[in-house]
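Going down the list, the protein sequences come from chains X and U.
Residue numbers for the first sequence follow our numbering, beginning at 1 and rising by one.
Residue numbers for the second sequence follow our numbering, beginning at 1001 and rising by one.
Quick reminder that beta carbons are idealized off the backbone N, C-alpha and C, glycines included.
As structure tokens, the structure follows; a few thoughts come after it.
Number of protein chains: 2
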Amino acid sequence: MAVKALTSNRPATIYQVAERAGVSIATVSRALRDDTPVTDETRRRVRQAAAELDFTPSRSARSLAEGRHAANGIVFPDLVGPYYAEVVLGYEAVAAGLGSSVLILATRDRADAADAVRELARRVDGLAVLGRTVDDDVITGLALPVVLIARDPVPGVDTVRTGNVNTARALAEHLRGHGYERFAFLGDPDGSPDVVGRWTGVRQVLGGACSLVPSPGFDLEAGQRAARALLRSRRPPRALICANDELALGALRAAEAAGRDVPGELAVTGWDDLLAARFAGLTTVAQPMRALGATAARWLDRRINDPTPAARRRVLPTRLLVRGSCGAHLEVHPR
Amino acid sequence: MAVKALTSNRPATIYQVAERAGVSIATVSRALRDDTPVTDETRRRVRQAAAELDFTPSRSARSLAEGRHAANGIVFPDLVGPYYAEVVLGYEAVAAGLGSSVLILATRDRADAADAVRELARRVDGLAVLGRTVDDDVITGLALPVVLIARDPVPGVDTVRTGNVNTARALAEHLRGHGYERFAFLGDPDGSPDVVGRWTGVRQVLGGACSLVPSPGFDLEAGQRAARALLRSRRPPRALICANDELALGALRAAEAAGRDVPGELAVTGWDDLLAARFAGLTTVAQPMRALGATAARWLDRRINDPTPAARRRVLPTRLLVRGSCGAHLEVHPR
DNA sequence: TTGAAAGCGGTACCAT
DNA sequence: ATGGTACCGCTTTCAA
């Protein structure tokens, strides 16, 4: 019944390895990281001792001594919907390849988001911050390298975004090409900097022909409710430009429930190209979400190793995907 | 031009706070964490000094001294598709509420997944491991609390899963009720323990009437390819039961491309209830993904604080969602 | 209530 | 090439 491992339940330390190998801890430290001058024989003995003891250096001790965490973090509003998940995924892939662990923080509606971010900042060497999560002053107060994703630039801070205005213009022009005259833009510009750009582009092209309908959120539910109200109004729009796919999908649902034909009676478009958008035949805009995260991770790594260069900014290209929901086309567009 | 903050670019230490407040570092340590006996006046002075210096305790130093990380990790295969993202989200929400940071690790096809997990294990107090990521011996070799998610139990380790067999039976019975006679199950049982259960349940009901078609993966592409081949075969199945929604959506695409009517000529079902499944009218099975992650986080926290209790196991319920893709129904089912 | 000092487990400089 | 040792910055006895 007696358990064998009475000797040490806790992980072995460098001291035990040193003793067992008959060398000093300094030598163990060197031998285990190949970079330094150690005799092959010594290294062998140390390796063996370490293996026998199942030794792995303590991460906290190492971090404390080295003054770095070999980890970085990413802050996002949520993980519902593929958008953020894809960004995080792209980020993690690159960060892992660069040898750092990834800490995540979803701010959601947390009132203490700012504190949570500051707390996170103490565990990492760098931080990527996505969209609507915390205020700019929290960002500027951070004393570590930061990269902003899909967010308005802050002086001195790297920023990666996707194009909104130009593609929004292209979308608006396409819709106008269908011959529609009354448009509505559904989305909340206060809720996201991306939406501001989309609305800007749309308005540049359509001007007064397009009205802004602020949505209370970005989910299916919100889109459904807003579209229902719109369809019941005196003069419903002929085309509904939604700030993202979920809103658009909700609008589709509402139209169906109201017995309105899409695109015959109401044209609908979205943004993001969710998987569901393909199956709903939704005209939308595809964004390089993974590349967004990947770029952020790469930049962050660079800036951690050399914080001096001037802040970088990049806008990744987006692509209009014309499907059936915006109106009839002569040629069928693929996918 | 001279920069003001020549004094200290680096974060303040407890020593500086102590000096400024005119007390010892021990007192600072106590004062800043409310639990210990310190005069109100002293505490006030320390607080003020800390604030002036913008002091936050070093995380690594604290971890080293306390012997804990106040962080735990979650390991998953990937983040594509809502499934894992939802689980991670549920996990993060609870973990954050319990005061621990969350480290993530996506194993993907990484050859060094096992090493990555072991490395991660040195940075956290506990680990949640999801589905097909690393082998059982990696799990058992870990010297810290672990909770398994959607994965076959390992002796002595907590496990949370969702029900597969029973709901698979219900699904199979429903399909048989449509009067179909020839079935195929599309999915790779070797790729996931969940799939094993689903296939088991289906086979229990349909027996030899259902053949197993191993898919090379779990994505749209794989489903599309497999379904295309199936439809071209001599005797195509009348109903195609897919191991997840993405496969099913791919199958839907293939059927459309081949000009076959769904469900008229081919019934198709999935698993997961992705957003896209709703818009494709796909009959599928809904799973409590967020609850999966939340439960894991809760159990992990408990086990970190008290590792002694026997291993727990729980199976969370799943729900069959009948939509149009499996055949015509008298009543229209909602959503 | 407060302070002194011994860890926690490594890294890296300085001798040898 | 190796050993001795001073940190890294905090928590936590043990005394006072």
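Minimum Cβ-Cβ distance from residue i to chain X less than 7 Å
i, result
"Ala1114/U", "no"
"Leu1032/U", "no"
"Arg1044/U", "no"
"Arg1290/U", "no"
"Arg1059/U", "yes"
"Ala1286/U", "no"
"His1333/U", "With a pLDDT of only 49 at His1333/U, under 50, the local geometry of the prediction cannot be trusted, and no value is derived from it."
"Ser1063/U", "yes"
"Ala1267/U", "no"
"Gly1085/U", "The question names Gly, yet the displayed sequence has Ala at residue 1085/U. By this cut-off, Ala1085/U is an interface position."
"Ala1311/U", "no"
"Glu1230/U", "Sequence check: residue 1230/U is Leu here, not Glu. No, no contact with chain X."
CB contact flag (residue i, residue j, <7 Å)
i, j, result
"Tyr1091/U", "Ala1267/U", "no"
"Ser325/X", "Leu275/X", "no"
"Val38/X", "Ala31/X", "yes"
"Thr284/X", "Leu321/X", "yes"
"Val1075/U", "Val1028/U", "no"
"Leu120/X", "Val146/X", "no"
"Ala1243/U", "Val1196/U", "no"
"Ser24/X", "Ala71/X", "no"
"His178/X", "Gly327/X", "yes"
"Ala1021/U", "Arg1045/U", "yes"
"Ala280/X", "Val157/X", "no"
"Leu1089/U", "Leu79/X", "yes"
"Arg123/X", "Arg1059/U", "yes"
"Pro77/X", "Thr107/X", "yes"
"Leu53/X", "Gly73/X", "no"
"Arg345/X", "Val160/X", "Since the first residue of chain X shown is 1 and the last is 335, residue 345/X is not available in this structure."
"Ala1227/U", "Leu1206/U", "no"
"Pro1288/U", "Leu1247/U", "no"
"Asp245/X", "Pro214/X", "no"
"Tyr83/X", "Asp272/X", "yes"
"Leu292/X", "Val87/X", "yes"
Proximity test, Cβ basis, 7 Å: residue i and chain U
i, result
"Thr336/X", "Residue 336/X cannot be examined here, being either before or after the span of chain X that is shown, 1 to 335."
"Ala5/X", "Summary for Ala5/X: the model assigns pLDDT 39, below 50, so the residue's position carries little reliability, and this model does not support an answer."
"Leu321/X", "no"
"Glu92/X", "yes"
"Met1/X", "For Met1/X, the predicted structure reports a pLDDT of 32, less than 50, and the residue's modelled location is therefore unreliable. A value from the coordinates is still provided. Not one chain U Cβ lies under 7 Å of Met1/X."
"Phe388/X", "In this structure chain X extends from 1 to 335, so residue 388/X is not present and cannot be described."
"Leu79/X", "yes"
"Phe279/X", "yes"
"Leu275/X", "yes"
"Leu89/X", "yes"
Buried/exposed call for residue i, threshold 16 Cβ in 10 Å
i, result
"Arg278/X", "buried"
"Arg1234/U", "exposed"
"Ala1340/U", "Any property of residue 1340/U remains undetermined from this structure, which presents chain U solely from 1001 to 1335."
"Thr36/X", "exposed"
"Gly67/X", "exposed"
"Ala294/X", "buried"
"Ala239/X", "buried"
"Asp115/X", "exposed"
"Arg1232/U", "exposed"
"Ala1255/U", "buried"
"Asp1034/U", "exposed"
>> Taking beta-carbon pairs under 7 Å, can you tell me which members of the region 98 to 112 of chain X lie near chain U?
In response: Ser101, Val102, Leu103, Ile104 and Ala106
Check your understanding: What are the residues of the region 172 to 199 of chain X that lie near chain U, defined by any Cβ-Cβ distance shorter than 7 Å?
Key -> none
> Are at least three pairs of beta-carbons, each pair with one atom in the region 1151 to 1171 of chain U and one in the region 130 to 137 of chain X, less than 8 Å apart?
Replying inline: no
The region 1009 to 1025 of chain U: which residues have C-beta closer than 7 Å to a C-beta of chain X, in chain order?
Pro1011
Item checked: Members of the region 122 to 139 of chain X near chain U, C-beta cut-off 8 Å -> Arg122 and Arg123
- Task: Could you tell me whether the region 251 to 259 of chain X touches the region 160 to 170 of chain X, using the rule of 3 or more Cβ pairs below 8 Å?
- Result: no
Measuring CB atoms only, is the region 213 to 223 of chain X touching the region 306 to 316 of chain X, in the sense that at least three cross pairs come out at less than 8 Å? no
Check: Between the region 81 to 97 of chain X and the region 56 to 67 of chain X, do three or more beta carbon pairs fall short of 8 Å?
Finding: no
Quick check: the region 167 to 187 of chain X against the region 196 to 206 of chain X, are at least 3 beta-carbon pairs closer than 8 Å? yes
Closer than 8 Å between beta carbons: that is the criterion. Which residues of the region 293 to 308 of chain X meet it against chain U? none
Give, in chain order, every residue of the region 139 to 167 of chain X whose Cβ lies closer than 7 Å to some Cβ of chain U. Ala143
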